[in-house]
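Here's the structure we're looking at; comments come further down.
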Amino acid sequence: MVVLALVAVATGLVSLSIRDPNATALEQEAARLAALLESARAESRASGVMVRWEPRTSDNSGEFRFTGLPSSNEMPSKWLSNGVSAQVQGAGAVVLGPEPLIGAQRITLKLEDRQLTLATDGLGPFEVQGE
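Under UniProt numbering, the sequence shown has 122 at position 122, and the numbering climbs by one with no breaks.
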């Protein structure tokens, strides 16, 4: 009886420690996108040009692009994981400057049944807000 109880507890702990690979991949994509957005935002402020981030949703290619950056500043344009999609809430693109206050903006990332939101209040950095 004691052995069965120990096996049940061990099984429960193991099942709790197994993470959903889609959740992990989506968290990585969100952290990466937040870093890319902040990098582009800093470049926009430093150069004085308007930079935009646009998800490419029309062709389902799993890509995105930064517009307005100098050609010498090549930014990534693909997700690391297949199946990730993004939608800018209330707009088609995220405006990243050059003004210090860019306005509140939200991006929803999706991967299968999981989703995360990146948001800024316009003054602070983009941050992951959870499921």
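We treat Cβ as the ideally placed atom computed from N, Cα and C, and that holds for glycine.
Using the C-alpha atoms, what's the distance from residue j back to residue i?
i	j	result
A23	R114	6 Å
A40	N82	23 Å
P55	R45	21 Å
R32	G90	22 Å
L36	Q105	15 Å
A93	R19	32 Å
L116	L96	20 Å
L118	Q87	10 Å
Label residue i either buried or exposed according to how many other C-beta atoms from any shown protein chain fall within 10 Å of its C-beta, with 16 as the threshold for buried.
i	result
E43	buried
T120	buried
My guess is that residue i and residue j are in contact by the Cβ rule of under 8 Å, so how many angstroms apart are they, rounded?
i	j	result
G122	L109	Contact doesn't hold; Cβ gap of about 20 Å is too wide.
W79	E29	6 Å
What does DSSP give as the partner residues of residue i in its beta bridges?
i	result
A119	R106 and E127
L111	R114
W85	For clarity, residue 85 is Ser in the given sequence; the question names Trp instead. According to DSSP, which records beta bridges pairwise, S85 is partnered with K110.
T24	Answer by DSSP bridge pairing: none, since T24 is not bridged.
With the cut-off set at 8 Å, would you say residue i and residue j are in Cβ contact?
i	j	result
V128	P98	no
L69	V51	yes
R65	S47	no
A34	P125	yes
Would you check whether the ligand ATP has a heavy atom nearer than 7 Å to the C-beta of residue i?
i	result
A93	Ligands displayed in this structure: none; no statement on the ligand ATP is therefore possible.
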